[in-house]
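Q: Read left to right, the sequence shown gives residues 0 to 116 (numbering that gives the first Met the number 0).
Where a beta carbon is used, it is the ideal one built from N, C-alpha and C, also for glycine.
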Amino acid sequence: MGKKETKDPHEADEKVAAEFGRVVNMGSEELERWLRTEESQSVGQKDGGGESTGHASGRRIVELLRTKSSDLSEQDYAHMNKVVGYVHRHLAQRPSGDVTETRWRYSLMNWGHDPLK
C-alpha cells in the first residue's frame with residue numbers, strides 16, 4: 000500500500016487565490032465600471048434572456064476583490080477556481096489579429112481579465 004498524500008485544504012486555497020490574483024488583472028473599480036458598459040452586457044451566455052454568466056461572475060469578482068482573504072469562504076475559493084479555469088481556457092482560444100474590440104476580449108474582461116494589459 001502506498002502512502003496516502005494528505006493535502007492541506009488551506010494550502011490549496013492559497014494556490015487558487017494566488018492564481019486568481021495573477022489572472023484577474025483588473026481592479027475592482029475598473030471592473031465595476033466595465034460591467035456598466037453596453038459592450039460588457041452584450042456578450043456571454045444568457046440563461047433565460049437575463050444577465051450573462053460572465054457578467055454575473057464579474058459582479059462576484061468585484062466582491063471577492065474587496066473581501067479580506069481571512070473572510071473568504073469555501074464558495075469564494077470555488078468561484079476563484081472557476082474564474083482561473085475560464086480565463087485559461089478562453090486565452091487559449093485567442094483569435095488572430097487585433098482583439099481590441101472583439102467579443103472574445105469583452106468576455107474575458109467580464110471575468111476580470113483584460114488581455115491587452
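State whether the region 93–113 contacts the region 16–35, with contact taken as three or more CB pairs (one from each stretch) at a distance under 8 Å.
A: The region 93–113, when compared against the region 16–35, does touch it at the 8 Å Cβ threshold.
Q: Roughly how many angstroms lie between the CA atoms of residue 55 and residue 64, to the nearest whole one?
A: Approximately 14 Å, taken between the alpha carbons.
Q: Locate the alpha helix (DSSP H) running through residue 24, then write down its first and last residues.
A: Segment: none, residue 24 is in no alpha helix (DSSP H) and carries neither H nor E.
Q: Can you grab the Cα-Cα spacing for the pair residue 80 / residue 62, in whole Å?
A: Rounded to the nearest angstrom, the two C-alpha atoms are 15 Å apart.
Q: Helix, strand or coil, according to DSSP, for residue 45 in the structure here?
A: Strand.
Q: Between residue 100 and the rest of its own chain, which residues show a CB-CB distance below 6 Å, the 5 nearest in sequence each way excluded?
A: Closer than 6 Å at the Cβ level, and outside the excluded window around residue 100, lies no residue.
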